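Participant: One point on numbering: in the working numbering, the residue at position 21 of the sequence shown is 535, and numbering is uninterrupted.
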Amino acid sequence: MITYTLNREQYNALDGLAYWVADLHYMRERFGDDEPELKRARATIEKCLFPQLDSLGVPFWVQNSVIVWAENWRNTKQQYFTEFLKSKNIFIS
Numbered sequence: 515m516i517t518y519t520l521n522r523e524q525y526n527a528l529d530g531l532a533y534w535v536a537d538l539h540y541m542r543e544r545f546g547d548d549e550p551e552l553k554r555a556r557a558t559i560e561k562c563l564f565p566q567l568d569s570l571g572v573p574f575w576v577q578n579s580v581i582v583w584a585e586n587w588r589n590t591k592q593q594y595f596t597e598f599l600k601s602k603n604i605f606i607s
């Protein structure tokens, strides 16, 4: 089974990714595709968070796991982020 251990900086960047992905999907569901917030969320994810996570060496499978979890924004209300990470064998040092 694959495992990965995050340092604090990697964890913070992933937490930001989870927040913005959840925000993007919440806004789209609640207000539709014309919501101006969607552009800002996408830009933050694509221009800030992805490059940061790549430079920190966070594997794509870890990033993708967080994205899939946060796409259902209700997950962020029902489960702690750290619990989700542990369920995917992603640990924090």
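In this text, a Cβ means the ideal position worked out from N, Cα and C, and glycines have one as well.
No experiment lies behind these values; they were computed from the predicted model shown.
Counting only the same chain and skipping the five closest in sequence on each side, list residues whose C-beta sits under 7 Å from that of Phe595.
Facilitator: Answer for Phe595: Asp529, Ala532, listed in chain order.
Participant: Between which two residues does the beta strand (DSSP E) carrying Ile604 extend?
Facilitator: Counting along the chain, the beta strand (DSSP E) containing Ile604 begins and ends at 604 to 606.
Participant: Where Thr590 and Tyr540 are concerned, what is the direct C-alpha to C-alpha distance, given to the nearest angstrom?
Facilitator: Each residue's Cα considered, the two are about 11 Å apart.
Participant: I need the DSSP call for Thr558, collapsed to helix, strand or coil.
Facilitator: Thr558 falls in the helix class under three-state DSSP.
Participant: Taking the beta carbon of Ser607 as the centre, do at least 16 other beta carbons fall within 10 Å, making it buried, or is it exposed?
Facilitator: When all chains shown are included, Ser607 counts as exposed.
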